[in-house]
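Working notes, beginning with the structure itself.
Protein chains: 2
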Amino acid sequence: MKTRSYGKYCGLAHALDVVGERWALVLVSDLLRGPKRFTDLQRGQPRIPSNVLSARLKELEDAGVVRRRVLPRPPGGVGYELTEYGRELEDIVLHLGLWGAKSMPDPGPDDVVTADTLLLALRSTFRPEAARELRANYELRVGEIVVHARVDHGVLEADEGPLAATDLVLETDASLHPLLTGELSPTEAIESGTVQVTGKRKLFARFAEVFHIPPMPVELPA
Amino acid sequence: MKTRSYGKYCGLAHALDVVGERWALVLVSDLLRGPKRFTDLQRGQPRIPSNVLSARLKELEDAGVVRRRVLPRPPGGVGYELTEYGRELEDIVLHLGLWGAKSMPDPGPDDVVTADTLLLALRSTFRPEAARELRANYELRVGEIVVHARVDHGVLEADEGPLAATDLVLETDASLHPLLTGELSPTEAIESGTVQVTGKRKLFARFAEVFHIPPMPVELPA
DNA sequence: CTGGATCCCTCACGATACTG
DNA sequence: CAGTATCGTGAGGGATCCAG
């Protein structure tokens with residue numbers, strides 16, 4: 095049935111046969127944080143038609159990347175989760191996300207931001223070397239989304255939802271992106287009112303160091 | 095014109111806007127070893143229509159991944175090469191290639207193998223830790239293709255063509271894949287006649303350790 | 001011979017509606 | 001909630017043709 099192969103006997107070509115179809119990798123990335131139901135995946139990918147979602151999940155399941163599973167609650171409900179093999183895509187997804195973030199334009203009017211997006215951004219931009227001395231609990235509120243990031247000496251734990259004891263709360267209606275690239279400095283962000291911070295404000299500067307998107311390399315003329 | 099976006103403000107989604115289209119990543123992988131002409135790229139991707147190749151190259155050029163360049167010879171000839179930004183995909187491509195190799199089925203009757211494929215396989219399966227004590231010059235002949243791999247204490251240099259001074263020459267008409275997964279042991283490979291070796295035969299066993307495709311993880315039942 | 005452009009056909013994708 | 005059914009469109013596949 096794989097009439098649409100690349101015709102090469104090559105690991106990369108086969109990888110793309112499996113996760114190279116449209117939507118496949120973004121679905122994998124949304125599943126990185128744990129099992130999700132069909133409808134959750136739809137919400138994460140607002141533009142995906144349900145039949146295509148259905149087809150992708152079936153293909154990924156056949157390829158051993160995703161596993162379909164009956165959930166305890168609600169009775170009869172089903173969920174999708176990554177297999178071990180699927181989990182091995184985690185680093186690749188994170189690196190590809192960081193690579194893409196370097197050339198990402200400003201958000202379009204219809205672009206949506208989910209908690210998964212935000213958490214992927216935090217995890218892919220996290221620089222353990224820069225966080226070796228840091229211990230801090232951040233809470234981020236971007237629009238309606240609330241996530242948190244616990245940084246503990248080079249180790250990051252990021253998840254959805256608020257935090258009981260926070261060191262610093264960042265709140266914004268805009269995007270974190272200019273902050274992560276350094277296009278917007280923490281001071282500028284506060285002064286312009288783009289970002290409101292509550293808590294130990296000194297930790298804001300550290301935030302921008304610890305979560306960072308390196309610039310696109312410059313081209314040397316030939 | 096980007097009517098075909100993912101609708102998410104997300105680094106990964108944008109990365110896939112850039113290199114997620116069909117053929118894009120395999121083209122990048124073929125360009126990793128240096129500039130190539132239009133026709134070379136066609137030979138590397140036998141199934142790609144010329145109009146699609148043309149379109150992909152233009153898109154990749156617009157995205158800053160590929161650069162079009164006039165070559166000294168032949169006069170008027172053009173070549174395509176990766177930009178610095180494009181080169182940053184190298185690790186991702188190698189890891190994705192290795193990931194795919196774990197679940198790669200046997201070659202189809204029409205699957206082609208090129209030098210690029212082979213070199214990608216060598217580079218992605220190379221395990222520096224396993225090669226720390228090794229210094230060896232391998233020459234590989236797979237069908238018509240000839241490549242070499244110099245291993246020098248954890249560092250690999252792999253390129254096309256034969257080698258003046260070889261320690262071991264491996265020759266086969268089949269694929270290296272079962273050798274790299276361990277499905278076929280070096281001894282079995284020699285005894286069955288699948289692979290012919292010339293030179294220091296002890297280095298054959300080392301070869302299979304140094305270039306290795308780990309198995310697909312086993313699934314634990316829930 | 002390289003580096004494409006052009007045409008046509010097909011199928012995967014996208015939108016919408018509908019069902020167990 | 002978790003999909004299937006239907007149908008239109010456009011990107012991809014394949015062959016051919018053309019300019020430098």
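Protein chains in written order, with this note's numbering: chain A, 95 to 316; chain B, 95 to 316. C-beta: ideal position from N, C-alpha, C; glycine also. Predicted model, so just to flag it, every value in this text is computed and none were measured.
Query                                                                                                                  : Result
Bridge-paired residues (DSSP) for K196 (chain A)                                                                       : The partner list for K196 (chain A) (beta bridge, DSSP) is empty, contrary to what the question assumes.
Chain B contact residues for Y179 (chain A), given Cβ-Cβ distances below 9 Å                                           : W193, K196, S197, M310, P311, E313
Reference L213 (chain B); option with closest CA among B:L126, B:E227, B:V159, B:L135                                  : B:L126
Through-space distance from L165 (chain B) to K130 (chain B), alpha-carbon basis                                       : 10 Å
Neighbourhood of P308 (chain A) by C-beta, 7 Å cutoff - its chain only, sequence neighbours within 5 removed           : K196
Identified DSSP bridge partners for Q290 (chain B)                                                                     : B:E265
Within 8 Å of chain A by C-beta, residues of the stretch 146 to 162 of chain B in sequence order                       : A157, G158, R161
Reference L262 (chain B); option with closest CA among B:K102, B:A225, B:R229                                          : B:R229
Whole-angstrom C-beta distance between H306 (chain B) and R217 (chain B), which should lie under 8 Å                   : Incorrect: roughly 13 Å between the Cβ atoms, too far for contact.
Interfacial residues, the stretch 212 to 240 of chain A to chain B, with Cβ spacing under 7 Å                          : L214, A215, S218
Chain B contact for R141 (chain A) (CB, 8 Å cutoff)                                                                    : yes
Whether T266 (chain A) touches V245 (chain A) by CB criterion (8 Å)                                                    : no
Chain-ordered chain A contacts of H306 (chain B) [CB-CB under 7 Å]                                                     : Chain A residues near H306 (chain B): none, gap ~13 Å exceeds 7 Å.
Which residues DSSP lists as bridging L314 (chain B), in chain order                                                   : Paired residues: none, contrary to the question.
G191 (chain A), buried or exposed, once every other Cβ within 10 Å from all chains shown has been counted against 16   : buried
Among B:E233, B:V187, B:K294, the one whose alpha carbon lies nearest that of L106 (chain A)                           : B:V187
Sequence-distant residues of the same chain with beta carbon closer than 7 Å to E303 (chain A), five excluded per side : A224
Separation of V206 (chain A) from L147 (chain B), as counted between CA atoms                                          : 32 Å
Sequence-distant residues of the same chain with beta carbon closer than 6 Å to R98 (chain A), five excluded per side  : none
Three-way DSSP call (helix, strand, coil) for R244 (chain A) in this model                                             : strand
Chain-ordered residues of the stretch 239 to 269 of chain A with a beta carbon less than 7 Å from chain B              : S269
Candidates A:L273, A:G248, A:E153: closest to A215 (chain A) by CA position                                            : A:L273
Beta-carbon proximity check, G293 (chain A) vs T260 (chain A), cutoff 8 Å                                              : yes
Contacts that G287 (chain A) makes with chain B (C-beta to C-beta distance below 9 Å)                                  : Per Cβ cutoff of 9 Å: no residues; G287 (chain A) is ~21 Å from chain B at best.
CA-to-CA distance, G287 (chain A) to P280 (chain A), given in whole angstroms                                          : 11 Å
With 16 other Cβ atoms within 10 Å as the buried cut-off, status of V112 (chain A)                                     : buried
Interface flag, P166 (chain B) vs chain A, CB-CB below 8 Å                                                             : no
Cβ distance (whole Å) where V160 (chain A) is taken to contact T133 (chain A) below 8 Å                                : V160 (chain A) to T133 (chain A), Cβ: 16 Å. No contact.
With 16 other Cβ atoms within 10 Å as the buried cut-off, status of V144 (chain B)                                     : In the sequence under discussion, the amino acid at residue 144 (chain B) is Ser, which differs from the Val named in the question. With fewer than 16 Cβ atoms within 10 Å of its Cβ, S144 (chain B) is classed as exposed.
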